[in-house]
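**Q** Following this message is one structure expressed as structure tokens.
In the working numbering, the protein residues as written are 39 to 175.
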């Protein structure tokens with residue numbers, strides 16, 4: 039009788055331990071896959087560790103885009119605060135002043151070093167190829 043109780047107790051402990059481990063793995067996995075971004079105001083107020091990869095979202099400030107070869111510098115704003123951004127590479131076609139962007143990169147020494155730029159568009163966006171075809175019809 040006592041042996042049966044011990045076996046049940048060990049089975050219960052094992053099940054609880056494995057369940058806790060599984061839930062922990064799921065939470066860690068979901069946390070790394072969340073697709074949230076900081077606004078400039080939130081990012082400047084948050085205690086973000088240097089070198090931590092984050093997403094910054096906002097509007098490209100009018101008159102702020104400066105190009106130097108393949109390096110592009112601009113300001114992202116939420117109309118309250120601004121964050122300077124540096125990007126090396128070719129930006130997306132929809133990247134322009136006064137347009138929405140989400141930028142993936144690192145915040146280092148007061149400057150956001152961008153790895154990728156995602157230009158946002160409204161729900162009426164139509165690729166240029168389709169717009170040309172629609173005009174022909």
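Just so you know, even glycine gets a beta-carbon here, dropped at the ideal spot from N, CA and C.
Everything numeric in this text was worked out from a predicted model, so none of it was measured.
1. Is it right to say residue 55 is buried, meaning 16 or more other beta carbons lie within 10 angstroms of its own, or is it exposed?
2. What residue ranges within the stretch 42 to 93 form continuous alpha helix (DSSP H) runs of no fewer than 4 residues, ordered along the chain?
3. Under a Cβ-count criterion, where at least 16 other Cβ atoms within 10 Å of its own Cβ denotes burial, should residue 77 be classed as buried or exposed?
4. State whether the stretch 132 to 143 contacts the stretch 102 to 117, with contact taken as three or more CB pairs (one from each stretch) at a distance under 8 Å.
5. In this structure, how does DSSP classify residue 146 when only helix, strand and coil are distinguished?
6. Going by beta-carbon coordinates alone, are residue 139 and residue 155 separated by less than 8 Å?
7. Take the Cβ of residue 94 as the centre, count every other Cβ of all protein chains shown within 10 Å, and call the residue buried at 16 or more, exposed below.
**A** On the basis of the supplied data:
1. Here residue 55 refers to the residue found at position 17 when the chain shown is read from its first residue. Looking at its Cβ environment, which holds fewer than 16 other Cβ atoms inside 10 Å, residue 55 is exposed.
2. 78 to 83
3. Looking up residue 77 in the chain shown gives position 39. Looking at its Cβ environment, which holds 16 or more other Cβ atoms inside 10 Å, residue 77 is buried.
4. yes
5. Here residue 146 is taken as the residue at index 108 of the chain shown, counted from 1. Note: residue 146 maps to strand in three-state DSSP.
6. Along the chain shown, read from residue 1 onward, the residue named residue 139 stands at position 101. Along the chain shown, read from residue 1 onward, the residue named residue 155 stands at position 117. Their beta carbons are under 8 Å apart, which means residue 139 touches residue 155 by this criterion.
7. Here residue 94 corresponds to residue number 56 of the chain shown, with the count starting at 1. So residue 94 ends up on the buried side.
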